[in-house]
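To convert, count from 1 in the sequence shown and add 3; that's this note's numbering.
A virtual CB, placed ideally from N, CA and C, is assigned to each residue, including glycine.
Note that the coordinates shown come from a computational prediction; the quantities given were computed from them, not determined experimentally.
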Amino acid sequence: MIAQWWNALQPRERNLLAIGGVVCAIMLAWAFIWHPLARARADAHARVERARDDVAWMRSMIPQANELHAQGVRGHAERQGKSLLALADASARSAGLSGALKRVEPTGGNSVRVNFEVASFDMLVDWLSQLARDYGVRVSDFSADKVEGLGLVNARVTLEEAQH
């Protein structure tokens, strides 16, 4: 049926349809194959460049990271023999959290759980940052529930001594 229709066409019409079909095929190949691949390649190059920039930045931060790590190691030595339990209790009180500090209990050989009620979230985060920076203590678990009052929470924090 199609062959009869094709043969019934004038040679000029057949040429025109053949050229149109080739042009359509080229346009479809460009739209659905070449263009998406070219765009994906450009996106991949951009991601690689961003990754290279990230790696360069990370490498430039190595001295600072080493210094921070050394501060944590020194802090571990500068605790004057205080256990993690005593350090958590004393440092929370000196950070202004004594009214909110409800319980400090050991949870393992090198970890403690600290519970706070109606504590300032900002003061709590500052305290945790100070422990990490000055003593190399890290937070292994943290949960907080908002309570009535601006920026106040009930929180449970598990602290661990950094392994050196």
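Euclidean distance between Cα positions of residue 132 and residue 38: The sequence position of residue 132 within the sequence shown is 129, counting from 1. The sequence position of residue 38 within the sequence shown is 35, counting from 1. Each residue's Cα considered, the two are about 49 Å apart.
Cβ separation of residue 104 and residue 140, assumed to be a contact under 8 Å, to the nearest whole Å: Position 101 of the sequence shown holds residue 104. Position 137 of the sequence shown holds residue 140. About 16 Å; that fails the 8 Å criterion.
Buried or exposed (CB count within 10 angstroms, at least 16 for buried), residue 122: As a first step, residue 122 is located in the sequence shown; it is residue number 119 there, counting from the start. Its Cβ being crowded by 16 or more others within 10 Å, residue 122 is buried.
Closest Cα partner of residue 97 within the set 63, 134 and 113: By one-based count along the sequence shown, residue 97 stands at place 94. When each option's Cα is compared against that of residue 97, the closest is 134.
Bridge partners - residue 115, DSSP secondary structure assignment: Counting from one through the sequence shown, the residue named residue 115 turns up at place 112. 109 and 162, per the DSSP bridge assignment.
Nonlocal neighbours in the same chain, by C-beta distance under 6 Å from residue 147, ignoring five residues either side: To locate residue 147, count along the sequence shown from 1; it is residue 144. Within the same chain, residue 147 has close Cβ partners 156 and 158.
Check: residue 28 C-beta below 7 Å from any heavy atom of the ligand SAM: Of ligands this structure carries none, so the ligand SAM is not represented either.
Beta-carbon proximity list for residue 55, same chain, < 8 Å, skipping 5 on both sides: On the sequence shown, position 52 is the one that residue 55 refers to. So the list is empty, once near-sequence residues are dropped.
Buried/exposed call for residue 26, threshold 16 Cβ in 10 Å: Here the question's residue 26 lines up with position 23 in the sequence shown. Classification of residue 26: exposed, given that the 10 Å Cβ count is below 16.
Environment of residue 130 [buried if 16+ CB atoms lie within 10 Å]: Along the sequence shown, read from residue 1 onward, the residue named residue 130 stands at position 127. Classification of residue 130: buried, given that the 10 Å Cβ count is 16 or more.
Contact belief for residue 100 with residue 127 at Cβ below 8 Å, rounded distance in angstroms: Here residue 100 refers to the residue found at position 97 when the sequence shown is read from its first residue. Here residue 127 refers to the residue found at position 124 when the sequence shown is read from its first residue. About 7 Å; that satisfies the 8 Å criterion.
Segment limits, beta strand (DSSP E) that includes residue 141: Residue 141 sits at position 138 when you count from the first residue of the sequence shown. Its beta strand (DSSP E) spans residues 140-149.
Residue environment, residue 28, which counts as buried when at least 16 other CB atoms sit within 10 Å: The count along the sequence shown starts at 1 and reaches residue 28 at position 25. Residue 28 is exposed by the Cβ-count criterion.
Straight-line gap, residue 154 to residue 145 (C-alpha atoms, nearest Å): Taking the sequence shown and counting its residues from 1, one reaches residue 154 at position 151. Taking the sequence shown and counting its residues from 1, one reaches residue 145 at position 142. Between residue 154 and residue 145, the C-alpha separation is close to 16 Å.
Per DSSP, the bridge partner or partners of residue 122: To locate residue 122, count along the sequence shown from 1; it is residue 119. Partner(s): 156.
Spatial distance of residue 22 from residue 16 (CA atoms): Reading the sequence shown from its first residue, position 19 is the one you call residue 22. Reading the sequence shown from its first residue, position 13 is the one you call residue 16. Distance between the alpha carbons of residue 22 and residue 16 is about 10 Å.
Check whether residue 115 and residue 91 have beta carbons under 8 Å apart: Translated into the one-based positions of the sequence shown, residue 115 becomes position 112. Translated into the one-based positions of the sequence shown, residue 91 becomes position 88. It is a contact, given that the beta carbons lie within the stated cut-off.
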